[in-house]
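The structure appears below as structure tokens.
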Amino acid sequence: MKRRGTPEADLQRAVVQALRVALPRTAIIHHCANEVTEAGPRGAKRQAILVGMGVHAGFADLMVLCDGRVLFLELKAPKGRLRPTQEAFRDAVLAQGFGWALVRSLDDALGALADHGFTTRIASPVRRPTP
């Protein structure tokens with residue numbers, strides 16, 4: 001279901017559906033809801049509560065756990081850019097030896113699985129070298 005004005009949310013729903021088909025049933029695909037979008041003092045209070053409970057600024061949109069592998073997926077619209085907190089999270093994850101990928105399309109998500117050694121139940125798309 002596409003919704004007007006939410007390209008990243010639309011992409012995320014499509015990616016989650018595809019990952020559920022592509023990965024073994026034992027795989028865990030988790031969205032970390034780490035931001036409150038409510039404006040004003042009430043939203044700020046809720047965000048402070050979440051931070052106190054362990055929310056990490058810049059945490060990736062999806063985390064995939066399967067067969068001893070961990071992959072973080074940051075989903076962005078075609079022209080979307082990483083925020084500094086997202087860049088810092090990416091760098092910390094990569095420094096610790098985990099997988100991380102920027103996803104702008106369904107092919108990017110499936111390609112990231114292949115790039116990081118995940119076994120899937122479907123053929124992965126042919127990956128083009130990044131310019």
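The opening residue of the sequence shown carries number 1 in the UniProt record's numbering; numbering runs sequentially from there.
C-beta: ideal position from N, C-alpha, C; glycine also.
Bear in mind the structure is a predicted one, so any value in this text is a computation, not a measurement.
Worksheet item: Where Val51 and Gly40 are concerned, what is the direct C-alpha to C-alpha distance, given to the nearest angstrom?
Response: 17 Å
Worksheet entry | Coil, strand or helix - Val55 by DSSP | coil
Discussion item. Quick check: the stretch 19 to 39 against the stretch 65 to 83, are at least 3 beta-carbon pairs closer than 8 Å?
Written reply: yes
Worksheet item: Using DSSP with H/G/I as helix, E/B as strand and the rest coil, what is Glu74?
Response: strand
Practice prompt. Keeping to the same chain, check which residues put their C-beta closer than 7 Å to that of Pro78; ignore five residues upstream and five downstream.
Written response: Arg104
Practice prompt. Return the CA-CA distance between Leu102 and Ala44, expressed in angstroms with no decimal places.
Written response: 28 Å
Fill in: Backbone CA spacing between Glu38 and Thr85 [nearest angstrom]
20 Å
Practice prompt. Could you tell me the distance, in whole angstroms, from the CA atom of Val15 to the CA atom of Leu106?
Written response: Rounded to the nearest angstrom, the two C-alpha atoms are 6 Å apart.
Worksheet item: Among Leu19, Gly97, Pro7 and Leu11, which one has its Cα closest to the Cα of Thr120?
Response: Answer by Cα proximity: Leu19.
Practice prompt. Counting only the same chain and skipping the five closest in sequence on each side, list residues whose C-beta sits under 7 Å from that of Val55.
Written response: Asn34
Worksheet item: So Ala101 is in the beta strand (DSSP E); what residue range does that whole segment cover?
Response: Gly99 to Val103
Worksheet entry | Boundaries (first-last residue) of the beta strand (DSSP E) holding Leu65 | Leu62 to Cys66
Fill in: Delimiting residues of the alpha helix (DSSP H) encompassing Gly111
Leu106 to Asp115
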